[in-house]
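Mapping to the UniProt record's numbering: the sequence shown position 39 is 39, numbers consecutive.
Below is one structure; the comments refer to it alone.
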Amino acid sequence: REILGALPLRQRMPFIKVHKRGVISRSIDIGRFSGYGELNQALAHMFGIEGQLEERQTKGWTCLYQDDEGDFLLLGDGPWEEFVISIKSILIMSPQEVDQKCLQKLGGGLASRL
């Protein structure tokens, strides 16, 4: 009998949630992708924003992911192998949403220092 805690995270939970404001959240099997390029293409197709994730500075959409420590990071900023192990969910956000999230984080940090 196998012990659940001894299995790699992706074998325990192959599906993760993808969230985008105004759209029903979807689940994807992160194990079927071999890198960020494939994942970005699949996400763009899933939410009808083809070509807009790759050009986030000009088109506006940014992918963040929440890791197993609860931190939000830019999709693609770390090695794929570490990403696959630590990911909990993906957020597809507009520039305004990203700015708001950053301000909230900064505001919370400032408030705790006062």
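We treat Cβ as the ideally placed atom computed from N, Cα and C, and that holds for glycine.
Note that this is a predicted model, so its numbers are computed, not measured.
> For D29, which residues does DSSP report across the bridge?
Replying inline: Working through the sequence shown from its first residue, we reach residue 29 at position 29. According to DSSP, D29 bridges with F15.
>> DSSP has K20 in a bridge; who is on the other side?
In response: On the sequence shown, position 20 is the one that residue 20 refers to. In DSSP, K20 forms a bridge with V23 and I92.
>> Based on DSSP bridge pairs, tell me the residues matched to Q66.
In response: Residue 66 sits at position 66 when you count from the first residue of the sequence shown. Per DSSP, F72 and S89.
> For R113, which three-state DSSP category applies?
Replying inline: By 1-based counting over the sequence shown, the position of residue 113 is 113. Since pLDDT at R113 reaches only 36, below the 50 mark, its modelled position is unreliable, and the value read off the structure follows with that caveat. For R113, the secondary structure class from DSSP, reduced to helix, strand or coil, is helix.
>> Taking a contact to mean a Cβ-Cβ separation below 8 Å, would you say P14 touches I30 in this structure?
In response: Along the sequence shown, read from residue 1 onward, the residue named residue 14 stands at position 14. Along the sequence shown, read from residue 1 onward, the residue named residue 30 stands at position 30. In contact: P14 and I30 (Cβ atoms closer than 8 Å).
> Taking C-beta to C-beta, are A44 and E38 nearer than 8 Å?
Replying inline: Here the question's residue 44 lines up with position 44 in the sequence shown. Here the question's residue 38 lines up with position 38 in the sequence shown. For A44 and E38, no; Cβs fall outside 8 Å.
> How many Å lie between G22 and S89 at the Cα?
Replying inline: Along the sequence shown, one-based indexing puts residue 22 at 22. Along the sequence shown, one-based indexing puts residue 89 at 89. Counting only the Cα atoms, S89 lies some 17 Å from G22.
> By Cβ distance, which residues of its chain are closer than 6 Å to residue 116, with the 5 residues on each side in sequence left out?
Replying inline: In the structure displayed, the chain extends from 1 to 114; residue 116 sits before or after that span and is not available.
> By Cβ distance below 6 Å, which residues in the same chain neighbour N40 in space, the five residues on each side in sequence not counted?
Replying inline: The residue you call residue 40 lines up with position 40 of the sequence shown. Cβ neighbours of N40 beyond the five flanking positions: L53.
>> Let me make sure I understand the geometry here. Which of I16, F33 and I87 has the alpha-carbon closest to that of G70?
In response: Along the sequence shown, read from residue 1 onward, the residue named residue 70 stands at position 70. Per the Cα distances, I87.
> V98 to G76, Cα distance in whole Å?
Replying inline: In the sequence shown, the residue the question calls residue 98 occupies position 98. In the sequence shown, the residue the question calls residue 76 occupies position 76. Here the alpha carbons of G76 and V98 stand approximately 16 Å from one another.
> Taking just the CA atoms, how far does S94 sit from I16?
Replying inline: Your numbering for residue 16 matches position 16 in the sequence shown. Your numbering for residue 94 matches position 94 in the sequence shown. The straight-line gap from Cα to Cα measures roughly 20 Å.
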